[in-house]
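Notes follow the structure.
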Amino acid sequence: MYGNIMGIVILPDSIGELKHLRYLDLSINEEMKVLPDAITKLHHLQTLLLNHCNSLEKLPRDIQRLISLEYLKIDGCHALTYLPKRLGELTSLQRLDKFIVNSVEESFSTAAMLNELRDVNDLGNSLTIEHLEKWWSASSSERVDSEKDESLLNNLEPHLNLKGLKVFDYEGARFSRWLSSLTNLVELEICQFYNCQHLPPLDHLSSLKSLSLKYSNVLEHLPPLDHLSSLESLDLLGLDVLEYVADSFPLPCSTSREPFFPLKKLWIWCCPNLKGWWKTENENQGSIAELLCFPFLSDISINECPNLTFMPLFPSLDQDLTLSDTTIRPLEQTLKMKMTEASMTSEEASSSGSTCHSYSSTTLPLSNLKRLTLFKIKDLEALPEEFLQNLASLTFLELKDCPKLESLLSQKMSCLTSLQELWVENCPNLRALPDWILNLTSLRRLEIKECLELQSIPKGTPQLSSLEELYIYRCYNLRALPDWILNLTSLKTVEIGKCFELQYMPGGTHQLTSLNKLSVGNCPNLRALPDWILNLTSLKSLQIWDLGLQSMPEGTPRLTSLNELSSMPEGTPRLTSLEDLYVFYHKLKALPNWILNLTSLKDLQICECLQSPYLQEGTQSLTSLERLVVDYCPNLKELNVQNCLNLKDLLNRIHEEMTSLKTLKICKCPELQDWPEQMDRFTCSLQVLSISECPQLSERCEKERGILWPRIARIPSIIIDGRQIQ
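Quick note: the sequence shown, position 213, residue 338 per my numbering, numbers continuous.
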């Protein structure tokens, strides 16, 4: 038995000498174009795997000689345009994942015909027939038309035990009638059937669990779906002219089994003309109690169906509800069931003819829902008082692109005790966030973006004991951050960006013991930073850029685009966890000595410092430093790198204009061994190079012998471990 053999371009003929070989895996040999004919001598070969041999153009001509072959896998062989003739003589073949219809005229005499599949009856669980549309064009120059597609599909009538069927790019006007007889079919997908105006009845597909109908601009009616008793998943996508899912409203039934009884997943996307689920004379017909229900539905996603106004209700939904570019009405109707169906006894429901009898009146609608997304809901102006009050299980709520939404004032939303994530984005008329946000004890992530009119965040005593992430972006009129932020002991990430009117960040004593990332940028009216920034003992990343700062706390470690600053104040910051430090100062003349106390610092970058900053005591205390970058500091004259025990990457990015550097000293950096090519740009101006206690680098820089010597030989003075070698 062979394992997977990779890196092959040409498989040698000697492969045919392995006469007892039973298993051969040549997968992922992307440059191999052909298999040698000698491979057909392997009469005992049972498994041949050729997955993702992207360049493979053909299989051996006499493949029928592989008389023991049981499994042939060619998935991902994109250059393979046909299978060899006499494939049907492989009587032992039990699994073939793909049959490729030939359309290359010069290969017509050597390619397997579709009818050879008759002779290999047992091909396992799955078969893909690829390029079926080329069947007619291989023997005729005529364009494949609707009638030929219909004839071809009719002749492909599968076995009645077929479990799954997927048809793509079907150009026929009608679908084959044999579809109605596949009573064992479990999965059906028909995609891109742009000429097909009618589908055959599906009533007898009692085993069907998944139905997907995608992309048709002529399908006006669906076959009746109400009594697909096993259907669990229904996808309707890109049905441009479909107006109704069902032609008529179902009559009240006397049995306990209602339409779509087991349905768990419903996705309706890009059906612009869909008006409702059923066609009636009056689209507003019936009270809520008379509407159908999906009793076991877990996941609904309705997207780009702007005219959909009525559908079966979904009170038992327990996973995801996504409404995008559609109306809010089905959700409102479902929530209002509490005033009707939930208060009805089973006898009252029966006497009223309600078709929603499978819904438990003891459970409030949507009380088990986990995730709710409302996106591009143009008729949503406010969350009504009864809105969301039952959603005790909700963990995720997103409101996005709702242009009329002005208020989240419903006090009853404080019942969202399980909410972990709240996202509000691009609601341009939302002026305030409600006070109940402060009571979300399970909230872990709060994200507010592009709420242009938002001016304030609620004040008070928060109970946000679980909040870990806070993001506020593009809230142009927000003026202040609330003081309660300082009390969030679980907070790990704070990012504030493009809040142009922001003037205030709270000061004083903080409890931000878990904060490891703070980013504040593009806030031109923010004039000062609070002192507590220097005391964030868990901080690993601090990003501050494009602010209107007039003063700073002493020792802010990452300051970007503050072009008017010429010094970084000294102090004793307790940033013991900081790992990355980026300094971008156009007028900076000196780096503060507190940098030497950053014992966890791994990455130090000093960029665009035009005034040649210096660090008075060198880098000897930065024992964790692994990477040092000096980029575009054109006036830098001396650089001293000392005692960086883990430093492996020195000056990996050196700007070509940093030609003022005259002296480079490197000491006690035992892991450093290379001289990046970028440094060759300024060796012509470098006057002194001193290397000491760097055994790997010293050896590679030895005069005449070291591998790096040709690149440093032009430096006038070179000192290695106290020896003047040049």
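Every residue gets a Cβ at the ideal spot worked out from N, C-alpha and C, and that includes glycine.
Delimiting residues of the beta strand (DSSP E) encompassing residue i
i, result
"Glu-824", "Here Glu-824 belongs to no beta strand (DSSP E); instead the alpha helix (DSSP H) covers 820-825."
"Thr-253", "253-255"
"Thr-788", "788-792"
"Arg-496", "496-500"
"Trp-609", "Segment: none, Trp-609 is in no beta strand (DSSP E) and carries neither H nor E."
"Trp-402", "401-403"
"Asp-150", "148-150"
"Ile-837", "Ile-837 -> not in any beta strand (DSSP E); alpha helix (DSSP H) instead, spanning 834-837."
"Gln-767", "763-767"
"Leu-814", "813-817"
"Thr-172", "172-174"
"Arg-570", "570-574"
"Leu-290", "289-293"
From the options, residue whose alpha carbon lies closest to that of residue i
i, options, result
"Phe-500", "Pro-559, Ala-507, Leu-285 and Lys-525", "Lys-525"
"Leu-789", "Leu-388, Tyr-207 and Pro-841", "Pro-841"
"Leu-391", "Ser-337, Ser-341, Asn-342 and Val-366", "Ser-337"
"Arg-664", "Thr-172, Leu-643, Glu-751 and Glu-345", "Inspection of the sequence shows that residue 664 is occupied by Leu rather than by Arg. Among Thr-172, Leu-643, Glu-751 and Glu-345, the Cα nearest to that of Leu-664 is on Leu-643."
"Ile-502", "Thr-488, Asn-551 and Gln-545", "Asn-551"
"Pro-349", "Thr-748, His-329 and Glu-457", "His-329"
"Leu-307", "Asn-286, Pro-326, Cys-316 and Tyr-319", "Asn-286"
"Pro-587", "Phe-807, Glu-312 and Ile-610", "Ile-610"
"Trp-657", "Leu-672, Cys-624, Phe-625 and Asp-608", "Asp-608"
"Asp-200", "Ile-393, Glu-214, Thr-566 and Phe-224", "Phe-224"
"Pro-490", "Glu-457, Asp-138 and Asn-612", "Glu-457"
"Leu-530", "Asn-280, Val-549 and Ser-823", "Val-549"
"Asn-179", "Thr-216, Ile-133 and Cys-758", "Ile-133"
"Asp-846", "Cys-792, Asp-187 and Leu-422", "Cys-792"
"Leu-257", "Val-245, Ala-237 and Asp-244", "Ala-237"
"Lys-584", "Tyr-596, Leu-606 and Val-619", "Leu-606"
"Leu-333", "Ser-355, Leu-347, His-346 and Glu-546", "Ser-355"
"Tyr-629", "Leu-277, Leu-651 and Ser-810", "Leu-651"
Between the CA atoms of residue j and residue i - distance to the nearest angstrom
i, j, result
"Arg-211", "Leu-448", "53 Å"
"Pro-431", "Val-292", "28 Å"
"Pro-440", "Asn-515", "11 Å"
"Met-462", "Trp-561", "25 Å"
"Ser-426", "Asp-805", "58 Å"
"Glu-69", "Ala-204", "Here the chain has residues from 126 to 851 only, and residue 69 is not among them."
"Asp-150", "Ser-725", "48 Å"
"Tyr-295", "Pro-283", "17 Å"
"Phe-435", "Glu-368", "12 Å"
"Arg-778", "Asn-602", "For Arg-778, the predicted structure reports a pLDDT of 46, less than 50, and the residue's modelled location is therefore unreliable. A value from the coordinates is still provided. Spanning the two alpha carbons is a distance of roughly 39 Å."
"Gly-633", "Arg-556", "28 Å"
"Pro-694", "Ala-653", "Note on Pro-694: pLDDT 42, under 50, position unreliable in the model; the coordinate value appears next. Their backbone Cα atoms lie some 14 Å apart in a straight line."
"Val-159", "Tyr-340", "38 Å"
"Leu-568", "Val-645", "22 Å"
"Asp-728", "Gly-622", "24 Å"
"Ser-702", "Ser-581", "32 Å"
"Glu-639", "Phe-419", "One point to set straight first is that residue 639 is Ser, not Glu, in the sequence displayed. Answer to the nearest angstrom: the Cα atoms are 44 Å apart."
"Gly-478", "Trp-403", "The predicted model places Gly-478 with a pLDDT of 41, which falls under 50 and marks its position as unreliable; any figure quoted below should be read in that light. Roughly 18 Å between the two C-alpha positions."
"Ile-453", "Leu-324", "31 Å"
"Thr-542", "Phe-521", "11 Å"
"Glu-781", "Asn-765", "Any reading at Glu-781 needs caution, since the residue's pLDDT is 49, under 50, leaving its predicted position unreliable; the model's value is listed next. Going by the C-alpha atoms only, they are around 20 Å apart."
"Gly-363", "Ser-532", "34 Å"
"Leu-446", "Ser-335", "19 Å"
"Ser-305", "Leu-327", "5 Å"
"Thr-465", "Pro-455", "Any reading at Thr-465 needs caution, since the residue's pLDDT is 43, under 50, leaving its predicted position unreliable; the model's value is listed next. Cα-Cα distance, rounded: 15 Å."
"Leu-505", "Gln-444", "22 Å"
Identity of the residues DSSP links to residue i by a beta bridge
i, result
"Leu-391", "Leu-359 and Ile-425"
"Lys-525", "Phe-500 and Glu-550"
"Lys-642", "Thr-618 and Ser-666"
"Cys-648", "Leu-672"
"His-323", "Arg-299"
"Phe-807", "Paired residues: none, contrary to the question."
"Lys-183", "Val-159"
"Phe-435", "Gly-401"
"Asp-728", "Asp-705 and Arg-752"
"Thr-488", "In the DSSP output, where bridge partners are listed per residue, Thr-488 has none listed."
"Thr-447", "Ser-426 and Thr-498"
"Gln-458", "DSSP output for Gln-458 lists no bridge partner at all."
Boundaries (first-last residue) of the alpha helix (DSSP H) holding residue i
i, result
"Lys-339", "Per DSSP, Lys-339 belongs to no alpha helix (DSSP H); it is in the beta strand (DSSP E), 335-341."
"Ser-276", "271-280"
Short CB-CB distance (under 8 Å) between residue i and chain C
i, result
"Pro-185", "Absence of chain C from the displayed structure is noted, only one protein chain being present."
Q) In chain order, which continuous runs of the alpha helix (DSSP H) of length 4 or greater are located wholly inside the region 186-252? A) Qualifying alpha helix (DSSP H) stretches: none in this window.
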